Amino acid sequence: MAEKPVLTLYNTLTRSKEPFAPIDPENVRMYVCGPTVYDFAHIGNARPVIVFDVLFRLLRHLYGESHVTYARNITDLDDKINARALRDFGTEIKDGTLSLNEAIRRVTEKTANQFHADVAILGCLEPTHEPRATEFVQPRDDGKSDMITLIERLIERGHAYEASGEVLFDTGSTADYGELSKRNLDEQQAGARVAVDAHKKSPGDFVLWKLSSAEEPGWESPWGRGRPGWHIECSAMAAAYLGEVFDIHGGGLDLIFPHHENEIAQSRCAHDTKVMANVWMHNGFVQVEGRKMSKSEGNFVTIYELLHEEKFGGRKWSGEVLRLAMLMTHYREPIDFSVKRLEEAERLLAKWPAGGNPAEGRVDESVLAPLHDDLNTVAAVQALHALAQCANTDPLMLPVFAASAALLGIEPKKVEVSKALEESIDSIIQLRLEMLKTKNFAEADKIRDDLAAKGVQLKDGKDPETGERVTTWEMKR
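Just so we're aligned: the sequence shown equals residues 1 to 477 in full-length UniProt numbering.
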């Protein structure tokens, strides 16, 4: 009997692929940095959500649904959120009809709700836990705050200090700071602005707690009314749900430094552990039509706009098309998110059968094996397409295809052809009819074959009244 393939994952910490061995197979634990809810999530935010949703599904398949704990946080405490609240509700705050805290709550609730709606359409499962930063700075029932307790412990152990109204982590207090990003303290100090960082022991020291003005949200602490730094938030939330050391920590490539580096430093020093997480995974960047996404470039696009507005490519896109387009590139590689890529994913989905029941099938090894190899969704999608071709001719394969597709979070549905695509196909068919009229059969056949390759099947006939040649078409799976 052939041995089952071993799950291997690329560990950013070691810069190598390694066999995955959970600390406790009965409780496999994963933490992923979630959105900062000051604005609607953009397509770059969607990538880690989709990537780690596939990993969540794979881990549940391998270890059992009840044996995997997935925590993905909501950052609802951030200076960008404060700024957005002042922008959107400045008049109400100024005239006293709305407090800053209430304005912040309105911003974060609206944005978080939209995030949940967006990622649900993208086919993502809910995480096991979705902690919010504000829940872990305010006191618990016992009167203690997770974040404040963590900072106090760092001070007691000589890894943090007070200076100029802030509590700072002392990066020089831990010998292997920079292990994740492969940056050492000397490199970080080069070019540091001494005037700005004069109150720090080292320019690389980072904020754990900062004082709040009367106009800013704040909580009482031993160091005065203030709010936590960004990094301490994730350390507190991860420890609360996953323990001091857990299996996998994920996020985007841009979080390696400083966010994840600082998480590691403060968590290890607070808990006196060798690691925070055994495996660190990071997805690559997202470009839009070959350019870095930014509002100034005019190519900034949100998940909501892609799903509900005719902004990108002049049309709306389905959640399954967006998801498949992401999975057609390996998670560690940069992705060029383009109309062409979405159309390619849409054509592929159009060829896949709908209606199978995943519960009645098994995940095919041809799809499962690539996922064992560092979540190779590219090869898994190719294998899924081959299964689809089998299922199109053999109904007995339909449940197998459906179960295999479900592992990737895909549930093929009846194709809804957009008006723009319909008009494009009609135009091409008219061109083919002109070719037939002029007896240019070779070009006419080429057009028919090209359309067939894209899932468009043509049927030639005659108009019963005029006797003229007519052509109808349909999308085939």
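All residues carry an ideal CB built from backbone N, CA and C; glycine is no exception.
Quick caveat, the model's predicted, so the values are computed rather than measured.
- prompt: Is DSSP giving R469 helix, strand or coil here?
  reply: strand
query: Helix, strand or coil: which one does DSSP assign to T14?
result: coil
query: Using a Cβ-Cβ cut-off of 6 Å (strictly less than) and excluding sequence neighbours within five positions of H372, which residues of its own chain qualify?
result: P5 and L7
message: For D95 and R105, I'd like the C-alpha separation in whole angstroms.
response: 18 Å
- request: Could you have a look at P412 and say whether DSSP puts it in helix, strand or coil?
  value: coil
- prompt: Whole-angstrom Cβ separation of L168 and V207, contact assumed at under 8 Å?
  reply: 6 Å
message: On the CB-based measure, 16 or more other CB atoms within 10 Å of its CB, does V196 come out buried or exposed?
response: Note that V196 scores a pLDDT of 48, beneath 50, so its modelled location is shaky; the value from the coordinates is reported in the next line. So V196 ends up on the exposed side.
message: Here's the rule I'm using: 16 or more other beta-carbon atoms within 10 Å means buried, otherwise exposed. How should Q266 be labelled?
response: buried
message: Restricting to Cα atoms, I'd like to know which of H249, P464 and Y304 is closest to N278.
response: H249
field: C-beta atoms of V245 and V275 nearer than 8 Å
entry: yes
query: For M326, which option in E26, Y38, L122 and Y70 has the closest C-alpha, if you only look at C-alpha atoms?
result: L122
field: Cβ-Cβ distance between E233 and M293 below 8 Å
entry: no
message: Could you check if R347 belongs to the surroundings of the ligand SAM, using beta carbon to heavy atom distance under 7 Å?
response: Questions concerning the ligand SAM fall outside what the structure shown contains, since it holds no ligand whatsoever.
task: Report the option in H330, A350, D141 and G298 whose CA atom is closest to the CA atom of N376.
output: H330
message: Suppose contacts are defined by Cβ-Cβ distances below 8 Å. Is E333 in contact with G284 by that definition?
response: yes
task: Tell me, please, which residues DSSP counts as bridged to Y70.
output: M30
- prompt: Excluding sequence positions up to five away, which residues of its chain have a Cβ less than 6 Å from the Cβ of L77?
  reply: A133 and T134
query: Can you tell me where the beta strand (DSSP E) with F458 in it begins and where it stops?
result: Residue identity check: residue 458 is Leu in the sequence provided, not Phe. Looking at the DSSP string, the run of the beta strand (DSSP E) that includes L458 is V456 to K462.
message: Quick check on this structure: which residue in C33, S181 and M237 has the alpha carbon closest to the alpha carbon of G257?
response: For the record, residue 257 in the displayed sequence is Phe; it is not Gly. Among C33, S181 and M237, the Cα nearest to that of F257 is on S181.
task: Check whether the Cβ atoms of N73 and E130 sit closer than 8 Å, and answer yes or no.
output: yes
task: Determine, using beta-carbon pairs with one atom in the region 54-73 and one in the region 16-29, whether at least three such pairs fall under 8 Å.
output: yes
task: Measure from the alpha carbon of R15 to the alpha carbon of each residue in S99, G44, E179 and H61, then state which is nearest.
output: E179
task: Would you check if there are 3 or more beta carbon pairs closer than 8 Å linking the region 40-50 to the region 299-313?
output: yes
message: If you follow the alpha helix (DSSP H) that C211 is in, where does it begin and where does it stop?
response: Note that residue 211 is Leu in the sequence shown here, rather than Cys. Careful: L211 lies outside any alpha helix (DSSP H), inside the beta strand (DSSP E) at F206 to L211.
- request: From the DSSP output, read off the bridge partner residues of N283.
  value: G252
field: Sequence-distant residues of the same chain with beta carbon closer than 7 Å to G319, five excluded per side
entry: I121, L122, G123 and L307
- prompt: Would you call the region 358-369 and the region 395-410 in contact, with 3 or more CB pairs under 8 Å?
  reply: yes
field: Element boundaries [alpha helix (DSSP H), containing E261]
entry: E261 to H271
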